[in-house]
Amino acid sequence: MGKYDPTTPPDDGRLAAKTLPNASFFELPGIGHDATAQECPRLLRQEFLTDPSPAPEHPCLDDLGPPSFESV
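Each residue of the sequence shown is one higher than the one before, starting from 30 at the first, in the numbering used here.
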């Protein structure tokens, strides 16, 4: 879930992960509501759908950082 998601905030995801079997929770820095618009969350989702038994892991998680802003 995106750290800055106002629609489905990370606390909701944490709660769901505690109650759903095989759930994994990732709070993605620098991302809002549409987390799967980014490549890393899409890769994590695909890993989970392929095999939900282990928690998905991907090196892209290490590359996620705070949002970048550009002045125009």
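Beta carbons are placed, not taken as given, at the ideal position from N, Cα and C, and that holds for glycine.
Say whether the region 44-54 touches the region 74-94, bearing in mind that this needs 3 or more beta-carbon pairs closer than 8 Å, one atom from each stretch.
Touching, yes, given that three or more Cβ pairs across the two stretches are closer than 8 Å.
Leaving out five residues before and five after L73 in sequence, what residues of the same chain have Cβ atoms less than 7 Å from its Cβ?
Stepping through the sequence shown from its first residue, residue 73 is reached at position 44. Correct list, in chain order: F55, P85, H87.
At the level of alpha carbons, what is the spacing between T79 and G61?
Here residue 79 refers to the residue found at position 50 when the sequence shown is read from its first residue. Here residue 61 refers to the residue found at position 32 when the sequence shown is read from its first residue. T79 and G61: Cα-Cα distance of roughly 25 Å.
Return the first residue and the last residue of the alpha helix (DSSP H) that A46 is part of.
For the purposes of this step, residue 46 is identified with residue 17 of the sequence shown, where counting begins at 1. Residues 39-48.
Considering only residues of the same chain and omitting the five flanking positions on each side of A46, which have a CB-CB separation below 8 Å?
For the purposes of this step, residue 46 is taken as the residue at position 17 of the sequence shown. Answer for A46: A52, S53, F54, listed in chain order.
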